[in-house]
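Engineer:
4 protein chains.
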Amino acid sequence: MANSKYEYVRNFESDDRLLPSTWLVVRIDGQGFTQFTARHDFAKPNDVRALQLMNRAAVTVVDSMRDLVIAYGQSDEYSFVFAKDTKAFERRASKLATLLVSKFTAAYVFYWSEYFPQTRLQAPPAFDARVVMYPSDRILRDYMCWRQVDCHINNMYNTCFWALVNNGSVSRKDAEKRLKGTLAKDKHEIMFGEFGINYNNEEEIFKKGSVVVRRRELVDVADPSGAIIQRIKVTLETLHCDIVGDAFWDARPEILGGKHACALNQQEHASSTLE
Amino acid sequence: MANSKYEYVRNFESDDRLLPSTWLVVRIDGQGFTQFTARHDFAKPNDVRALQLMNRAAVTVVDSMRDLVIAYGQSDEYSFVFAKDTKAFERRASKLATLLVSKFTAAYVFYWSEYFPQTRLQAPPAFDARVVMYPSDRILRDYMCWRQVDCHINNMYNTCFWALVNNGSVSRKDAEKRLKGTLAKDKHEIMFGEFGINYNNEEEIFKKGSVVVRRRELVDVADPSGAIIQRIKVTLETLHCDIVGDAFWDARPEILGGKHACALNQQEHASSTLE
Amino acid sequence: MANSKYEYVRNFESDDRLLPSTWLVVRIDGQGFTQFTARHDFAKPNDVRALQLMNRAAVTVVDSMRDLVIAYGQSDEYSFVFAKDTKAFERRASKLATLLVSKFTAAYVFYWSEYFPQTRLQAPPAFDARVVMYPSDRILRDYMCWRQVDCHINNMYNTCFWALVNNGSVSRKDAEKRLKGTLAKDKHEIMFGEFGINYNNEEEIFKKGSVVVRRRELVDVADPSGAIIQRIKVTLETLHCDIVGDAFWDARPEILGGKHACALNQQEHASSTLE
Amino acid sequence: MANSKYEYVRNFESDDRLLPSTWLVVRIDGQGFTQFTARHDFAKPNDVRALQLMNRAAVTVVDSMRDLVIAYGQSDEYSFVFAKDTKAFERRASKLATLLVSKFTAAYVFYWSEYFPQTRLQAPPAFDARVVMYPSDRILRDYMCWRQVDCHINNMYNTCFWALVNNGSVSRKDAEKRLKGTLAKDKHEIMFGEFGINYNNEEEIFKKGSVVVRRRELVDVADPSGAIIQRIKVTLETLHCDIVGDAFWDARPEILGGKHACALNQQEHASSTLE
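Structure (structure tokens):
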């Protein structure tokens, strides 16, 4: 074939398969979102429509890649966790990261008008992504903690900052100066004392971010003969709960435990038709 | 800060900066496009709307990343070439590939309705991407040849195949059988002899694919005082021409030559306002 | 400085730091040792002098790199395991592998005459090396099992093969044919039935290979004032024991447990002078 | 086979093949040589025996790896250049670097007594190595320049420094202070004015370092029938010449030009028996 003369250029492609038996996390991040949010009049400090759109895009991604076991998002970023033993795309770093960020971006634009019915999308947004390996369950959980604590810290700061700016008629620069070096306690005082904001009553989606997981439940279905049998139904849930403590993980052993973590999952294998 | 306890997880991120002084090519590829094209009734063998939408997305990408010197697309794939000496995103492989594929995907969905006004996008599409280094101009050109020759071979096959299927009432399976082992000459004969198709008269966009380049021209503009001065205006062109031979490259020394390839470019540096 | 003009070439060096919190194993392998052993008349199937020289070189290496927690060798190969949390040479793959193989090679040549007093070294030998990451204790142990089982399988085969050739006056080709497809049971029968060799009585160094570990013991020493205090003394041991089962590892929790695995080690930190 | 259960650990090995069509340079460096030279009473600023031993080891390496086209050494470092199109060991980074450093180290110890007949080697030395890719001839030459200019700068400094210390009865600390911030001109003046040393008359091996290349020449040999035919004889040369300018490279086009650089080489292919 005439093409063979040039096909040697394929030898320049490199093998980027990631280490087996490590957790693979793809984190995507909005690019130039300061400008993007300004251009589309996002509410400050949090725009719930924007967060829900992020969640919708994340659910689309998790739904399309079966080896994703959990995802966590806040602000304009989202982290997706592949099962430790995933063999998806041979664990090739570029495949996993690019396909995932492409699916996310496509869903973000595709569903935009559902969440912003009054706001025309001005220009296509963009996200970047990176994939990181984490060798143990503990380190993976620390990664998740890192993102949720980051959410907490940023949200408290932003809530306080925008209270000063929006309700307190303070310039952004002055608000920044005032908050410099303040502790959580100080911010609570400013919010409550000056603006009557009890931070603890803020919406969970702002304080905790969003967690996408698969929920598995046994349901009764009729088999072809009409007999009622039990099958597993998998649905995606979007939660706004603490993932730093043990409770969340203890209640969902299948996330870290892999496919065979619980009896329920065992059955799932025997009944993949419904799933 | 409370977060610092978890921040050690950043140490697991790896440095993926690519070798300096090599051409960086990001090639994106439609994922599951056989199904996607069927679902959206793309014309066969080529859907000119779909190709133009690909080109529109490519132009959006090239326009947004200044170090892209040329792009080439065909079917559901597109290759983007960064200048050999680009320092964009520190040449980090994941940044370049993910950001580019995200921009492309976003533009594809964003502009869909302009090219398919009658066809609602059913579900978000997805592309993957990889970045490859090419150490010399000759090898980069061979890469471009590889893709254009691939376009040519596939298009001739597909034109012949769909002539048999669409106009010849032959089943897909039989058409496949018939074409197995045929040479270009044989395909020309089938197309012309049986269907009156002169392949050479097919549209260039089908036979050659699409090339996106920057065109630089001197234009007269008025400076603040009203005096007429010359500035460089850069516009993006989408061409459907041969890039295997020397003519294309000889006529555009700035593509391989870098920013300082021609006098025109020199001036461009002194007049970045217009650009 | 005149040199700065050329110093840009350093930018082509890449960062090859390995993933934190993974076991790093450097395995070295003799290059062209079939010829090397023939040239120096190594005894077949095993030359105890050669194995002891390998062990001597391994001990030299372990002694010089404190983060090596265990090493295992057989035939012309040796595996060295760095502590999971080692920061030696910033975990740079090339540094770890090249320095280790260089130390090993130097020691091999340096100590040659001690183990082969009658045989002049004809030409310098060579080893290659690779470094591999293992993310969990279990996988690391499986790696060690892999090498020891390999030793066992090869040694049984070789013992049988050389019995046939050396004592049975069978050509190498015929011996190979005869052993093809035989099971362990068959080989035992050949060895015992035809040559009176009870494989179980073969030397442990041949059957099990060699394991280098650090032994820590409390010893009484006099401090500057003359008072007797206890310190930890670390010595290197070369063992020929099973490392597939749990017993070996249970008895030495400090190997997998890291520096703080046992109370003894805690103390070691407080008394680094002796060590 | 019993081993197969553990063989999965091979999947953790990674593919480290380097980019095709780039120059591969392996640079080795003495580890802890300040101590090593002190322990073996190396002459200061240069010990010609030590440099010749380095060269002997380098020649051994070049002789054993046919794709090495040139090597350059100074002080306790040596750079080895593989042909741009080498396929040696599939261009695997770890194989190339570890095997080369092992061969070098082995030769260094093996030949020690030839160059230091009066000095017993006290302990095995060690070298590390790294491999770097250079994408163009110009950048490769700049790499070589970098090393030779480094040699020049260091040697002038050291010659001046040790003149002060050895002949000038100045403490090392004071010598360091005196030289701080001095230019080449200043150092020339100190050497000549105070110690009568004309730096230009220093030995070339000190000022220029050492270059190992293959010399090819046509020689007459008798073929089996007794007829005289011409064959190419390849010998290794160790030079101490300038490699910054063009003259060296112009005179040896085969170094950068690859196997087919000159007619002489063409013939070499047809007559590989002698080589």
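Residue numbers (the UniProt record's numbering), protein chains in the order written: chain A, 1 to 275; chain B, 1 to 275; chain C, 1 to 275; chain D, 1 to 275. All C-beta atoms in this analysis are idealised placements derived from N, C-alpha and C, irrespective of residue type, glycine included.
Assign residue 270/C to one of three DSSP states: helix, strand, or coil.
Structural biologist: Here residue 270/C refers to the residue found at position 270 when the third sequence is read from its first residue. Note that residue 270/C scores a pLDDT of 36, beneath 50, so its modelled location is shaky; the value from the coordinates is reported in the next line. Of the three classes helix, strand and coil, the one that applies to residue 270/C here is helix, per DSSP.
Engineer: Taking the straight line between their C-alpha atoms, what separation do you get for residue 192/A and residue 186/A?
Structural biologist: As a first step, residue 192/A is located in the first sequence; it is residue number 192 there, counting from the start. As a first step, residue 186/A is located in the first sequence; it is residue number 186 there, counting from the start. The straight-line gap from Cα to Cα measures roughly 10 Å.
Engineer: Taking only beta-carbon atoms, is residue 67/C less than 8 Å away from chain B?
Structural biologist: For the purposes of this step, residue 67/C is taken as residue 67 along the third sequence, with counting starting at 1. Not closer than 8 Å to any Cβ of chain B, the Cβ of residue 67/C fails to qualify, so no.
Engineer: Nearest to residue 256/A by alpha carbon, out of 65/A, 42/A, 69/A, 59/A?
Structural biologist: Here the question's residue 256/A lines up with position 256 in the first sequence. If we check each option's Cα against that of residue 256/A, 69/A comes out closest.
Engineer: Assuming residue 234/D contacts residue 214/D under a Cβ cut-off of 8 Å, what Cβ separation, rounded to an integer in Å, is found between them?
Structural biologist: Residue mapping note: residue 234/D aligns to position 234 of the fourth sequence, counting from 1. Residue mapping note: residue 214/D aligns to position 214 of the fourth sequence, counting from 1. About 5 Å separates the two Cβ atoms, so the contact holds.
Engineer: Which term fits residue 73/D, buried or exposed, when burial requires 16 or more other beta carbons within 10 angstroms of its beta carbon?
Structural biologist: Numbered from its first residue, the fourth sequence carries residue 73/D at position 73. With 16 or more other Cβ atoms within 10 Å, it is buried.
Engineer: Tell me the rounded alpha-carbon separation between residue 223/D and residue 216/D.
Structural biologist: Taking the first residue of the fourth sequence as position 1, residue 223/D is located at position 223. Taking the first residue of the fourth sequence as position 1, residue 216/D is located at position 216. Their Cα atoms are separated by approximately 19 Å.
Engineer: Mind checking who residue 100/D pairs with in its DSSP beta bridge?
Structural biologist: To locate residue 100/D, count along the fourth sequence from 1; it is residue 100. Answer by DSSP bridge pairing: none, since residue 100/D is not bridged.
Engineer: Going along the chain, which residues of its own chain have a beta-carbon closer than 6 Å to the beta-carbon of residue 94/D, five neighbours each way excluded?
Structural biologist: By 1-based counting over the fourth sequence, the position of residue 94/D is 94. Cβ neighbours of residue 94/D beyond the five flanking positions: 16.
Engineer: Taking C-beta to C-beta, are residue 210/C and residue 51/C nearer than 8 Å?
Structural biologist: The residue you call residue 210/C lines up with position 210 of the third sequence. The residue you call residue 51/C lines up with position 51 of the third sequence. Contact flag set, yes.
Engineer: So who's on the other strand from residue 229/C, going by DSSP bridges?
Structural biologist: What you label residue 229/C is simply residue 229 of the third sequence in a count that begins at 1. 221/C, per the DSSP bridge assignment.
Engineer: Rounded to whole angstroms, what is the Cα-Cα separation between residue 146/A and residue 6/B?
Structural biologist: For the purposes of this step, residue 146/A is identified with residue 146 of the first sequence, where counting begins at 1. For the purposes of this step, residue 6/B is identified with residue 6 of the second sequence, where counting begins at 1. Answer to the nearest angstrom: the Cα atoms are 5 Å apart.
Engineer: Since residue 96/C meets chain A, which of its residues come closer than 8 Å, beta carbon to beta carbon?
Structural biologist: For the purposes of this step, residue 96/C is taken as the residue at position 96 of the third sequence. Neighbours of residue 96/C on chain A: none; closest Cβ ~16 Å, over 8 Å.
Engineer: Helix, strand or coil, according to DSSP, for residue 116/D in the structure here?
Structural biologist: As a first step, residue 116/D must be located in the fourth sequence, where it is residue number 116. Note: residue 116/D maps to coil in three-state DSSP.
Engineer: Would DSSP call residue 174/C helix, strand or coil?
Structural biologist: The sequence position of residue 174/C within the third sequence is 174, counting from 1. Note: residue 174/C maps to helix in three-state DSSP.
Engineer: Is there at least one Cβ from chain D nearer than 8 Å to residue 19/B's Cβ?
Structural biologist: Start at 1 with the first residue of the second sequence, and residue 19/B comes out as number 19. Yes, its Cβ sits closer than 8 Å to a Cβ of chain D.
Engineer: Using three-state DSSP, classify residue 62/D as helix, strand or coil.
Structural biologist: Translated into the one-based positions of the fourth sequence, residue 62/D becomes position 62. Shown here, residue 62/D sits in a helix according to DSSP, grouped into three states.
Engineer: At a CB-CB cut-off below 8 Å, which residues of chain D make contact with residue 136/B?
Structural biologist: Here the question's residue 136/B lines up with position 136 in the second sequence. By Cβ distance, chain D contributes 21, 135, 136.
Engineer: Since residue 194/A and residue 168/A are thought to touch, with beta carbons under 8 Å apart, how far apart are those beta carbons, to the nearest angstrom?
Structural biologist: Locating residue 194/A in the first sequence gives position 194, where the first residue counts as 1. Locating residue 168/A in the first sequence gives position 168, where the first residue counts as 1. With a Cβ gap of about 7 Å, residue 194/A and residue 168/A count as contacting.
Engineer: With a cut-off of 8 Å on the beta carbons, I'd call residue 26/A and residue 140/A a contact; round off their distance for me.
Structural biologist: Looking up residue 26/A in the first sequence gives position 26. Looking up residue 140/A in the first sequence gives position 140. Not quite, the Cβ-Cβ distance comes to about 13 Å (not below 8 Å), so this is no contact.
Engineer: Drop a sphere of 10 angstroms on the beta-carbon of residue 34/A, count the other beta-carbons inside from all chains shown, and report buried for 16 or more, exposed for fewer.
Structural biologist: On the first sequence, residue 34/A is found 34 positions in, with the first residue counted as 1. That one is exposed.
Engineer: Can you tell which of 177/A, 23/A, 64/A has its C-alpha closest to the C-alpha of residue 86/A?
Structural biologist: Residue 86/A sits at position 86 when you count from the first residue of the first sequence. For residue 86/A, the nearest C-alpha among the options comes from 23/A.
Engineer: Quick one: is residue 15/C near chain B, going by C-beta distance under 8 Å?
Structural biologist: As a first step, residue 15/C must be located in the third sequence, where it is residue number 15. Yes, residue 15/C lies at the interface with chain B (some Cβ there is under 8 Å from its Cβ).
Engineer: Output the boundary residues of the alpha helix (DSSP H) element that contains residue 250/C.
Structural biologist: Position 250 of the third sequence, counting from 1, holds the residue named residue 250/C. First-last of the alpha helix (DSSP H) with residue 250/C: 247-250.
Engineer: In the structure shown, what three-state DSSP assignment does residue 157/D receive?
Structural biologist: Walking along the fourth sequence from the start, residue 157/D turns up at place 157. Of the three classes helix, strand and coil, the one that applies to residue 157/D here is helix, per DSSP.
Engineer: Output, in chain order, the set of chain A residues within a Cβ distance shorter than 9 Å of residue 139/C.
Structural biologist: Residue numbering aside, residue 139/C sits at position 139 when the third sequence is read from its first letter. Chain A residues near residue 139/C: 20, 21.
Engineer: Given that residue 12/B touches chain C, what residues does it touch there, using C-beta distances under 9 Å?
Structural biologist: To locate residue 12/B, count along the second sequence from 1; it is residue 12. What residue 12/B touches in chain C: 19, 20, 21.
Engineer: Are the CB atoms of residue 132/D and residue 13/C nearer to each other than 8 Å?
Structural biologist: Walking along the fourth sequence from the start, residue 132/D turns up at place 132. Walking along the third sequence from the start, residue 13/C turns up at place 13. Their beta carbons are under 8 Å apart, which means residue 132/D touches residue 13/C by this criterion.
Engineer: For residue 176/B, which residues from the same chain have a beta carbon less than 8 Å from its beta carbon, with the 5 sequence-adjacent residues on both sides left out?
Structural biologist: Translated into positions along the second sequence, residue 176/B becomes position 176. Excluding residues within five positions, the ones whose Cβ falls inside 8 Å are 161.
Engineer: So that I know if they touch, is there some Cβ in chain C lying closer than 8 Å to that of residue 50/D?
Structural biologist: Taking the fourth sequence and counting its residues from 1, the one referred to as residue 50/D is at position 50. Not one beta carbon of chain C lies nearer than 8 Å to the beta carbon of residue 50/D.
Engineer: What separation, rounded to the nearest whole angstrom, lies between the Cα atoms of residue 61/A and residue 103/A?
Structural biologist: Here the question's residue 61/A lines up with position 61 in the first sequence. Here the question's residue 103/A lines up with position 103 in the first sequence. Computed Cα separation, rounded: 6 Å.
Engineer: What is the rounded straight-line gap between the Cα of residue 110/A and the Cα of residue 113/B?
Structural biologist: Position 110 of the first sequence, counted from the first residue, corresponds to residue 110/A. Position 113 of the second sequence, counted from the first residue, corresponds to residue 113/B. Using only the alpha carbons, I get a separation of about 11 Å.
Engineer: To the nearest angstrom, how far is it from the Cα of residue 182/D to the Cα of residue 55/D?
Structural biologist: Here residue 182/D refers to the residue found at position 182 of the fourth sequence. Here residue 55/D refers to the residue found at position 55 of the fourth sequence. If you take the alpha carbons of residue 182/D and residue 55/D, they lie about 31 Å apart.
Engineer: Compute the Euclidean distance between the alpha carbons of residue 129/D and residue 30/D, then round it to the nearest angstrom.
Structural biologist: Residue numbering aside, residue 129/D sits at position 129 when the fourth sequence is read from its first letter. Residue numbering aside, residue 30/D sits at position 30 when the fourth sequence is read from its first letter. Between the alpha carbons of residue 129/D and residue 30/D lies a gap of roughly 9 Å.
Engineer: Considering only their Cβ atoms, is the gap separating residue 206/D from residue 155/D smaller than 8 Å?
Structural biologist: As a first step, residue 155/D is located in the fourth sequence; it is residue number 155 there, counting from the start. As a first step, residue 206/D is located in the fourth sequence; it is residue number 206 there, counting from the start. Going by C-beta atoms, residue 155/D is nearer than 8 Å to residue 206/D.
Engineer: From the beta carbon of residue 7/A, is the nearest beta carbon of chain B less than 8 Å away?
Structural biologist: The residue given as residue 7/A occupies position 7 in the first sequence. Taking Cβ atoms only, chain B reaches closer than 8 Å to residue 7/A, which makes this a yes.
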